[in-house]
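Asker:
2 protein chains.
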Amino acid sequence: MHNCTTHSDCIAEALHRAEEICDKRDLRFTDVRRKVLELVWQSHGPIKAYDILDQLDQRIAAIKPPTVYRALDFLTENGLVHKINSLNAFVGCSHPLRHRECYFLICSDCGEAKECCNLDIVDAVAKTSSRNRFEIKHVTLEITGECGDCRGVH
Amino acid sequence: MHNCTTHSDCIAEALHRAEEICDKRDLRFTDVRRKVLELVWQSHGPIKAYDILDQLDQRIAAIKPPTVYRALDFLTENGLVHKINSLNAFVGCSHPLRHRECYFLICSDCGEAKECCNLDIVDAVAKTSSRNRFEIKHVTLEITGECGDCRGVH
DNA sequence: AACGGAATGTTATATTATAACATAACCATG
DNA sequence: CATGGTTATGTTATAATATAACATTCCGTT
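Residue numbers (the working numbering), protein chains in the order written: chain R, 134 to 287; chain S, 134 to 287.
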């Protein structure tokens, strides 16, 4: 389902990048936030808030929902995590510095949510918004279907 | 916030169109479904399932959540209603026959969710999907921001 | 009328998310 | 290094959203 060679490296890299970004922006990359982000990357696919909660519970005593949601809010606001609304789930952003230009191809079979960038789409969205005198704050584009691997297409 | 001249006409028209479509497709446009669709159109903006429930409660004794959700599922599956995932709310589809090519401009100020069609976007989405060997089942495109009216732009 | 399938009713509960207030950690400044 | 303000987290409770599972009713067909 995923394309990183060594998964632990991939998580470590994401955490490292996050730390750098937070440093640069004077944001606190606290322990809770780090652990939540780590779990999001560990799942390497959309993960639900309460699944994060369950996994944290095994490590830290008595983490409660607000703690997880706050961390997810922080990570989402700062471009480190995406919320996938159609799944009520969260996924690590693979290029936080270009965080606003992404969309997702979500396979309903294997559950992968592939993050993509596409300037044609970004352009078309920008144009149609300005034509409607609409000022964009946030764009959610979630494409659900079946991926090539699951369909056996090559 | 909306552009129909006579709101009751606009609701009546939507219901009439829905009835025709159901007839044509041999679907049952039952009393519950009609009433739910009517409330969706009456709100003339995204409405939440439990708000529909509350309003139905005043008319029919003891409607329960599953009834509303089933009706919404039916209406959504058959292109008469859109679910807006980023709001957990539902809105009437203004062109059920071209239901799959829509997206929304959602004003976070006035709450309007303007349904739009744009071939450039549809094309760009189709192309990027096929390039990724991905077979589309459903596309959610929700653009959140501020509309021209609310920004005072003309 | 009797049957079969679709729709709805009903009870209960699962899942997702936040409000509100208390405490703790962090950090700038005197 | 004490103090006070700000930010983050802990804690309790509950709100908001959604579905499972089974019973009953409705509706068209035979």
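Even for Gly, the Cβ is constructed at its ideal location relative to N, Cα and C. These figures come from a predicted structure and were not determined experimentally.
With DSSP run on the structure shown, which of helix, strand or coil describes Glu-279 (chain R)?
Answerer: Taking the first sequence and counting its residues from 1, the one referred to as residue 279 (chain R) is at position 146. Strand, per DSSP.
Asker: I want to verify the contact list: residues of chain R whose CB lies under 7 Å from the CB of Gly-178 (chain S), in sequence order.
Answerer: Your numbering for residue 178 (chain S) matches position 45 in the second sequence. Chain R residues near Gly-178 (chain S): none, gap ~16 Å exceeds 7 Å.
Asker: Are the CB atoms of Glu-275 (chain S) and Ser-219 (chain S) nearer to each other than 8 Å?
Answerer: As a working mapping, residue 275 (chain S) is identified with position 142 in the second sequence. As a working mapping, residue 219 (chain S) is identified with position 86 in the second sequence. Yes, the Cβ-Cβ distance between Glu-275 (chain S) and Ser-219 (chain S) is below 8 Å.
Asker: Within a Cβ cutoff of 8 Å, which residues of the same chain sit near Cys-137 (chain R), ignoring the five residues on either side of it in sequence?
Answerer: Working through the first sequence from its first residue, we reach residue 137 (chain R) at position 4. Answer for Cys-137 (chain R): Cys-143, His-177, listed in chain order.
Asker: Identify each residue in the region 211-235 of chain R for which the Cβ-Cβ distance to at least one residue of chain S is less than 7 Å, and report them in chain order.
Answerer: Flagged, chain order: Asn-218, Ser-219.
Asker: Using a Cβ-Cβ cutoff of less than 6 Å, which residues in the same chain neighbour Ile-269 (chain R) once the five nearest sequence positions on both sides are dropped?
Answerer: Taking the first sequence and counting its residues from 1, the one referred to as residue 269 (chain R) is at position 136. Correct list, in chain order: Ser-262.
Asker: For Pro-229 (chain S), which three-state DSSP category applies?
Answerer: As a first step, residue 229 (chain S) is located in the second sequence; it is residue number 96 there, counting from the start. Reduced to three states, the DSSP call for Pro-229 (chain S) is helix.
Asker: Can you look up Leu-152 (chain S) in the DSSP assignment and give me helix, strand or coil?
Answerer: Working through the second sequence from its first residue, we reach residue 152 (chain S) at position 19. Residue identity differs from the one stated: residue 152 (chain S) is Glu in this sequence, not Leu. Helix, per DSSP.
Asker: How about Pro-229 (chain S) and Leu-252 (chain S): do their beta carbons lie closer than 8 Å?
Answerer: Locating residue 229 (chain S) in the second sequence gives position 96, counting from the first residue. Locating residue 252 (chain S) in the second sequence gives position 119, counting from the first residue. No, they are not a contact pair.
Asker: Out of curiosity, what's the CA-to-CA distance linking Asn-90 (chain S) and Ile-154 (chain S)?
Answerer: The structure shown does not extend to residue 90 (chain S), since chain S is modelled only from 134 through 287, so no value can be given for it.
Asker: Could you tell me the alpha carbon to alpha carbon distance between Val-173 (chain S) and Leu-189 (chain S), rounded to whole angstroms?
Answerer: Here residue 173 (chain S) corresponds to residue number 40 of the second sequence, with the count starting at 1. Here residue 189 (chain S) corresponds to residue number 56 of the second sequence, with the count starting at 1. C-alpha separation (whole angstroms): 11 Å.
Asker: Given Arg-166 (chain R), which residues of its chain have a CB within under 7 Å of its CB, disregarding the five upstream and five downstream residues?
Answerer: By 1-based counting over the first sequence, the position of residue 166 (chain R) is 33. These residues qualify, in order along the chain: Ala-204, Phe-207, Leu-208.
Asker: Residues of chain R with a CB under 7 Å from the CB of Glu-275 (chain S): which are they?
Answerer: Translated into positions along the second sequence, residue 275 (chain S) becomes position 142. The contacting residues are Thr-273.
Asker: Considering just the uninterrupted stretch of the beta strand (DSSP E) at Ala-195 (chain S), what are its terminal residues?
Answerer: Here residue 195 (chain S) refers to the residue found at position 62 of the second sequence. Careful: Ala-195 (chain S) lies outside any beta strand (DSSP E) and carries neither H nor E.
Asker: Leaving aside the five residues before and after Lys-247 (chain R) along the sequence, list all residues of the same chain whose C-beta is less than 6 Å from its C-beta, in chain order.
Answerer: Translated into positions along the first sequence, residue 247 (chain R) becomes position 114. Hits under 6 Å: Leu-238.
Asker: Could you name the residues of chain R that Gly-281 (chain S) contacts, counting a contact when the two beta carbons are closer than 9 Å?
Answerer: Taking the first residue of the second sequence as 1, we reach residue 281 (chain S) at position 148. Neighbours of Gly-281 (chain S) on chain R, chain order: Asn-265, Arg-266, Phe-267, Glu-268.
Asker: Does the beta carbon of Ser-141 (chain S) come closer than 8 Å to any beta carbon on chain R?
Answerer: Residue 141 (chain S) sits at position 8 when you count from the first residue of the second sequence. No, Ser-141 (chain S) lies away from the interface with chain R (no Cβ there is under 8 Å from its Cβ).
Asker: Output the boundary residues of the beta strand (DSSP E) element that contains Lys-247 (chain R).
Answerer: Translated into positions along the first sequence, residue 247 (chain R) becomes position 114. 246-250 is the span of the beta strand (DSSP E), which, as asked, contains Lys-247 (chain R).
Asker: To the nearest angstrom, report how far apart Ala-182 (chain S) and Lys-216 (chain S) are at their CA atoms.
Answerer: The residue given as residue 182 (chain S) occupies position 49 in the second sequence. The residue given as residue 216 (chain S) occupies position 83 in the second sequence. Approximately 10 Å between the Cα atoms of the pair.
Asker: Using a C-beta to C-beta distance shorter than 9 Å, which residues of chain S count as neighbours of Thr-261 (chain R)?
Answerer: Along the first sequence, one-based indexing puts residue 261 (chain R) at 128. Residues of chain S passing the Cβ test: Tyr-236, Leu-238, Cys-249, Asn-251, Asp-253, Ile-254, Ile-276.
Asker: Express the C-alpha separation of Leu-148 (chain S) and Leu-170 (chain S) in angstroms, rounding to a whole number.
Answerer: Position 37 of the second sequence, counting from 1, holds the residue named residue 170 (chain S). Position 15 of the second sequence, counting from 1, holds the residue named residue 148 (chain S). About 7 Å.
Asker: Using a Cβ cut-off of 8 Å (strictly closer), state whether Ala-257 (chain S) contacts chain R.
Answerer: Start at 1 with the first residue of the second sequence, and residue 257 (chain S) comes out as number 124. Yes, Ala-257 (chain S) lies at the interface with chain R (some Cβ there is under 8 Å from its Cβ).
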